[in-house]
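In the working numbering, the protein residues as written are 4 to 360. Even for Gly, the Cβ is constructed at its ideal location relative to N, Cα and C. From a predicted model like this one, the values you see are computed outputs, not experimental measurements.
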């Protein structure tokens, strides 16, 4: 599953946008700075000042990202300063009325840095302002003069670039979502027992690690129960492995009905089950084990026309202090074998012996 996680991290939109923020800040700062100096020597002071101001803003966006480690503020600075600069170029004409040609930067940058929905809203607002500048009567305000055919074709080309950018961003988002869902599905399958649909050993260990961290934070107890089906080999030998599988499935269903929502029942392996019981003392875990014995006492598991009576043996252990997980599992396993040696169909240690653990 590490490979799947690596693929997701490599295609994570947040990581990609953070990298582009740095790249665009550097390129934007350099390019606008050079064009600003060029415009100054060409005698276009207003254009020069606007470009140099944009260069300083892009540099600020780069520094904000490095200092805050959060791309969102820098992305907003980049997008909105780019919009402002492009509107100025459309209004003023830029260098020899070529300024509007730069507006094609707006759709890909806005959609990439702010996502599909927000980016489309921002691009639509930018397009509306551009149309106002182009199509309002010249006597409304003084602006650069363009040929009507140029203005119309520029708008149509801008809308085409916007559409293509939106399609690309949508496909990237869908690809990431599909990869994420597939990874979660495979991760779930990797932690689930295919027969009983309970957690498998790997899933149980993950749950125990999480419960251990909560226990450390909240100073609350955690207990486990290791459960083994008595004489399960005889069930397989007498009734067949399909009957044995049906017994395991039914036992898993019974166990689930007896535990709390925060508890976990896992198939530990073969005919063994593991109960992970957060916020539970060994005494309370043993009481749950007794409930399981009582539930199975009159339970006949039907497999076709066959009725099979099942008992289980269990070992209970409570995690103490900094005790490692494998130590608590070994402790429960030791008590499980004591229960088997004592005649099966019982739990060790018994409630009265818990104080001697």
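Using a C-beta cut-off of 8 angstroms, the region 306-320 makes contact with the region 282-289, since at least three inter-stretch Cβ pairs fall below that distance. Residue 139 sits in coil when the DSSP states are folded into three classes, being neither helix nor strand.
For the pair of segments examined, the region 88-100 was found to touch the region 41-60: the number of CB pairs separated by less than 8 angstroms reaches three. Judged by pairs of C-beta atoms under 8 angstroms, the region 307-315 does not touch the region 213-227, as fewer than three such pairs exist.
Between residue 194 and residue 209 the beta-carbon gap is near 7 angstroms, inside 8 angstroms, which marks them as a contact. Following the DSSP letters along the chain, one finds residue 320 inside the beta strand (DSSP E) bounded by residues 315-321. Judged by their CB atoms, residue 103 and residue 164 are not nearer to each other than the 8 angstroms cut-off. Annotated three-state conformation of residue 45 is coil, per DSSP. Here the region 55-75 lies against the region 32-40, with 3 or more beta-carbon pairs under 8 angstroms apart.
Given a length threshold of 4 residues, each whole run of the alpha helix (DSSP H) inside the region 267-340 is given here in chain order: 285-300. If you compare the alpha carbons of 71, 255, 214, 107 with that of residue 133, the shortest gap goes to 107. Comparing alpha carbon positions, the residue from 87, 212, 206 closest to residue 327 is 212. In this structure, the alpha-carbon of residue 273 lies about 50 angstroms from that of residue 119.
The DSSP assignment places 225-232 as complete runs of the beta strand (DSSP E) inside the region 208-264, in order along the chain (cut-off: 3 residues). Nearest neighbour of residue 347 by Cα position, chosen from 235, 136, 105, turns out to be 235.
The beta carbon of residue 338 sits closer than 7 angstroms to those of 318, 319, 320, 351, 352, all from its chain and outside the five residues before and after it, given in chain order. Our two residues, residue 185 and residue 105, have alpha carbons roughly 40 angstroms apart in a direct line.
Bridge partners of residue 195 according to DSSP: 202. Note that the C-beta distance between residue 229 and residue 275 is below 8 angstroms.
For residue 148, no alpha helix (DSSP H) run applies, since DSSP gives it neither H nor E. Remark: C-beta atoms of residue 214 and residue 271 do not approach each other more closely than 8 angstroms. DSSP places residue 350 within a strand segment (E or B) once states are collapsed to three. The residues 108, 109, 112, in chain order, have a CB closer than 7 angstroms to that of residue 85 in the same chain once the five nearest residues on each side in sequence are set aside.
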